[in-house]
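Asks:
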Amino acid sequence: MKVTTEDALHIAQLARLRFSPEELEVLRRQMESLLSHFSQVSELDTTGIPPTSGVLPLVNVMREDIARPSLTVEDVLRNAPDREGDCFRIPAILEEE
Amino acid sequence: MRSPTIGLEVHVQLNTASKMFCGCSVEFGAGPNSRVCPVCLALPGALPVLNRRAVESAFAVALALHCQIQPFSQFHRKNYFYPDLPKGYQISQYDVPFSRNGYLMVETEQSHRRIGIIRVHMEEDTAKMMHGRSITEHAVTSLVDFNRSGVPLLEIVSAPDITSAEEASAYLTELRAILRTLGISSGNMEEGALRCDVNISLDAGTRAEIKNINSFRFVRKALEYEIERQNALLDRGEPVVQETRHFKESSGITVSGRTKEEAEDYRYFPEPDLVPLEITPEWIDTVRQRLPELPEERRRRLHEMGLFPAEAATIANAPELARFFDRTLSVFPHGKEIANWLLSEVSKTLNARNCTIDEIPLRPEGLAELLQLVHRGTISSKIGKTVIAEMLATGKSAGEVVHEKALGQILDPETIRGWVQETLAQNPKEQEAYRLGKDALFGFFVGQAMKRSGGKANPELLNRIVKEELEKQ
Ligand SMILES: [Zn+2]
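Encoded structure:
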């Protein structure tokens, strides 16, 4: 299964990752071989088998609407790279103007 | 003038006790990051569990909007990077939303039209970001509060059936009345419980999308501006660009956002951490049976009771007012009279105190007691206004106020006859003139006798007795 350099670049962009052309080429080839490997699945005859997205024999798993205690603010912010007051602080995300 | 084609996409926050997929409380106004747990913060290994009430609230809305609820539904991951989305994806619904193909009847002064609903689906809200606010040395920074992350949302997508800014506004008003009547959302736009994206084109041309408008008034203003802007462009022979625009509240105009360089690629796929929903007719029926009377039916019922359409709408569209009305009606079966008092004296107090009807010291039974006194003629409606003012101020009952202030009308004919006879005896000249044909003096006698009663004689009775006494002479 063919993966073009553009495909690889697009996926890198979606993942917010930057690669050198050499790295990208390695990844492109790896993706290609991965997809080729999995494309064997489509050789199976699935006539009469309904499509499914899960393997668990379960539906309608729900909980009752009851509020429970949350983490403390200190615990929530424990892994924050930076904070201001009780908020996470991150590099500025400017509103689109 | 070109004809506008408008579609609305409304996001509704559900007022459940807990979030969509975790037990954190959904509470407006809590301190930043105080309603957050491993699930809604996306810590590794945390798993979502669906909130039953959120699902059933969603069913209720879909049923009220005449949607078809699908027998099978599931959640998908919508993948994108943004700091308000800790997992890197939003749990939403994609090609199998739980409901589609509904409609909403929308009434404006010019028309009464059916606006299609393409779909209603469930998803989770994102965190709240605050921009460019810093109290430290960092010049520009963004802050994130995850309390809103995972709050249950409904997305309600209308068909592009709306044809004017006024109709868009009427659509939102009706939708909010339904949400409030169902009791599943505050519908409060200022608190962000209702958010609206608008898309609009002229003569089915290229459309522009205006994102995240947060008040009814602004939706209308943004649309009016956008219709004008697109018309002007087309008049000059320039194209309308397909883009996302933002509404500037300060100036009332829309400005171009970044045009999309590439098509969005959300790579939706079924959420493997949640099992599908199998929605049986029995389950739908249980929810259907719990549905309250919806605003449209309620307006019709009140109108048939003799209320003007505007009165019926004011009461029917505000669930707490409607509840109060119905409870009063159950003990005092005269709807029109209840509406008269509710929409004048009581509403005045609500406006003055800026509160809801549940926050004033007047209960439906109390209003009914007062109206009963007026209805039976124990007090005049003018005195009734004094009484209700006192009731609203002190929380006393109508009976207590009437008794304390001795405001009751006098209904005893002999007492009234006494006042009439005294009046006639003191005015022999006027009596003579009346006998000679000066009919206008009748009103004079009534007025004099009423004065003697301290304004408390029942007017009809007084009239009758004055007539009787004059004929005796
Ligand atoms: Zn949580």
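Chain order of the listed sequences is B and Y. Reminder that position 90 of the first sequence reads as 90 in this note's numbering, one-by-one numbering, no gaps. Basically this note's numbering = 1-based index in the second sequence + 97. For each residue, glycine too, the CB sits at the ideal point set by N, CA and C.
Once you ignore the five residues that flank residue 304 (chain Y) on each side, which residues in its own chain have a CB closer than 7 Å to its CB?
Replies: Excluding sequence neighbours, residue 304 (chain Y) sits near 296, 297, 298, 339.
Asks: What would DSSP say about residue 515 (chain Y), mapped onto helix, strand or coil?
Replies: Of the three classes helix, strand and coil, the one that applies to residue 515 (chain Y) here is helix, per DSSP.
Asks: Is residue 352 (chain Y) close to ligand 1? I mean its beta-carbon at under 7 Å from any heavy atom of the ligand.
Replies: The answer is no for residue 352 (chain Y).
Asks: What residues from chain B crowd round residue 462 (chain Y), counting only those whose CB sits closer than 8 Å?
Replies: In chain order: nothing, as chain B lies at least about 32 Å away.
Asks: May I ask which residues mark the beginning and end of the alpha helix (DSSP H) holding residue 530 (chain Y)?
Replies: Its alpha helix (DSSP H) spans residues 525-532.
Asks: Provide the residue(s) that pair with residue 305 (chain Y) in DSSP beta bridges, ordered along the chain.
Replies: According to DSSP, residue 305 (chain Y) bridges with Y:297, Y:340.
Asks: Taking residue 520 (chain Y) as the reference, give the member of Y:497, Y:526, Y:545, Y:500 with the closest Cα.
Replies: Cα-wise, what sits closest to residue 520 (chain Y) is Y:545.
Asks: Name the chain Y residues that come within less than 7 Å of residue 71 (chain B), Cβ to Cβ?
Replies: What residue 71 (chain B) touches in chain Y: 133, 134.
Asks: Would you check if the region 395-414 of chain Y and the region 425-437 of chain Y touch, i.e. whether three or more CB-CB distances between them fall below 8 Å?
Replies: The region 425-437 of chain Y, when compared against the region 395-414 of chain Y, does touch it at the 8 Å Cβ threshold.
Asks: Give the DSSP-derived three-state secondary structure of residue 501 (chain Y) in the structure shown.
Replies: Three-state DSSP puts residue 501 (chain Y) in a helix.
Asks: Evaluate residue 36 (chain B) with the Cβ neighbour count: other Cβ atoms within 10 Å of its Cβ, from every protein chain shown; 16 or more gives buried, anything less gives exposed.
Replies: Looking at its Cβ environment, which holds fewer than 16 other Cβ atoms inside 10 Å, residue 36 (chain B) is exposed.
Asks: Start and end of the beta strand (DSSP E) containing residue 136 (chain Y)?
Replies: Careful: residue 136 (chain Y) lies outside any beta strand (DSSP E) and carries neither H nor E.
Asks: Within 7 Å: the Cβ of residue 443 (chain Y) and any heavy atom of ligand 1?
Replies: No - ligand 1 has no heavy atom lying nearer than 7 Å to the Cβ of residue 443 (chain Y).
Asks: Going straight from the alpha carbon of residue 379 (chain Y) to that of residue 104 (chain Y), what length do you get?
Replies: Cα to Cα, residue 379 (chain Y) sits roughly 33 Å from residue 104 (chain Y).
Asks: Looking at residue 248 (chain Y): is its Cβ nearer than 8 Å to the Cβ of residue 221 (chain Y)?
Replies: For residue 248 (chain Y) and residue 221 (chain Y), yes; Cβs fall inside 8 Å.
Asks: Just jot down, in chain order, the residues whose CB lies closer than 5 Å to any heavy atom of ligand 1.
Replies: My final list is Y:119, Y:121, Y:134, Y:136, Y:137.
Asks: Got a sec? Which residues, its chain only, sit under 6 Å from residue 307 (chain Y) by beta carbon, not counting five neighbours each side?
Replies: 295, 319, 342, 344, 351.
Asks: Provide the residue span of the alpha helix (DSSP H) that contains residue 45 (chain B), from first to last.
Replies: Looking at the DSSP string, residue 45 (chain B) is not in any alpha helix (DSSP H), and its letter there is neither H nor E.
Asks: My output table needs one value for residue 494 (chain Y): the three-state DSSP class, helix, strand or coil.
Replies: Coil at residue 494 (chain Y), not helix or strand.
Asks: To the nearest angstrom, report how far apart residue 511 (chain Y) and residue 429 (chain Y) are at their CA atoms.
Replies: Their Cα atoms are separated by approximately 30 Å.
Asks: Could you check whether the Cβ of residue 652 (chain Y) sits closer than 8 Å to any Cβ belonging to chain B?
Replies: Given that chain Y is displayed from residue 98 to residue 570, the structure contains no residue 652 (chain Y) and the question cannot be resolved.
Asks: In the DSSP output, what is residue 345 (chain Y) paired with across the bridge?
Replies: According to DSSP, residue 345 (chain Y) bridges with Y:350.
Asks: Does DSSP put residue 554 (chain Y) in a helix, a strand or coil?
Replies: Three-state result, residue 554 (chain Y): strand.
Asks: What does residue 156 (chain Y) reach in chain B if we use C-beta pairs closer than 8 Å?
Replies: Here the premise fails: no neighbours, minimum Cβ distance about 13 Å.
Asks: For residue 165 (chain Y), which residues of its own chain have a beta-carbon under 7 Å away from its beta-carbon, when the five flanking residues on both sides are left out?
Replies: Counting only Cβ-Cβ distances below 7 Å, and skipping sequence neighbours, we find 196, 197, 198.
Asks: Run through DSSP, which three-state label would residue 422 (chain Y) get?
Replies: Residue 422 (chain Y) falls in the helix class under three-state DSSP.
Asks: With a threshold of 8 Å between beta-carbons, can residue 374 (chain Y) be considered close to chain B, or not?
Replies: At least one chain B Cβ lies under 8 Å of residue 374 (chain Y).
Asks: Quick check on residue 179 (chain Y): buried or exposed, where buried means 16 or more other Cβ atoms within 10 Å of its Cβ?
Replies: Label assigned to residue 179 (chain Y): exposed.
Asks: Distance check for residue 214 (chain Y) and residue 254 (chain Y), CA to CA, integer angstroms please.
Replies: Rounded to whole angstroms, residue 254 (chain Y) to residue 214 (chain Y) spans 6 Å at the Cα level.
Asks: Is residue 293 (chain Y) close to chain B? Criterion is C-beta to C-beta, closer than 8 Å.
Replies: False, the Cβ-Cβ gap to chain B never drops below 8 Å.
Asks: Tell me the rounded alpha-carbon separation between residue 161 (chain Y) and residue 101 (chain Y).
Replies: Cα to Cα, residue 161 (chain Y) sits roughly 27 Å from residue 101 (chain Y).
Asks: Identify every residue that forms a DSSP beta bridge with residue 228 (chain Y).
Replies: For residue 228 (chain Y), which the question treats as bridged, DSSP gives the partners Y:239.
Asks: Along chain Y, which residues have their Cβ under 9 Å away from the Cβ of residue 78 (chain B)?
Replies: Under the 9 Å cutoff, chain Y gives no residues; its nearest Cβ is about 10 Å from residue 78 (chain B).
Asks: Determine the extent of the alpha helix (DSSP H) in which residue 152 (chain Y) is found, giving its start and end residues.
Replies: Where residue 152 (chain Y) is concerned, the enclosing alpha helix (DSSP H) stretches over 149-161.
Asks: Rounded C-beta distance between residue 291 (chain Y) and residue 273 (chain Y)? I'm assuming under 8 Å.
Replies: Right, the Cβ-Cβ distance comes to about 6 Å (below 8 Å), so this counts as a contact.
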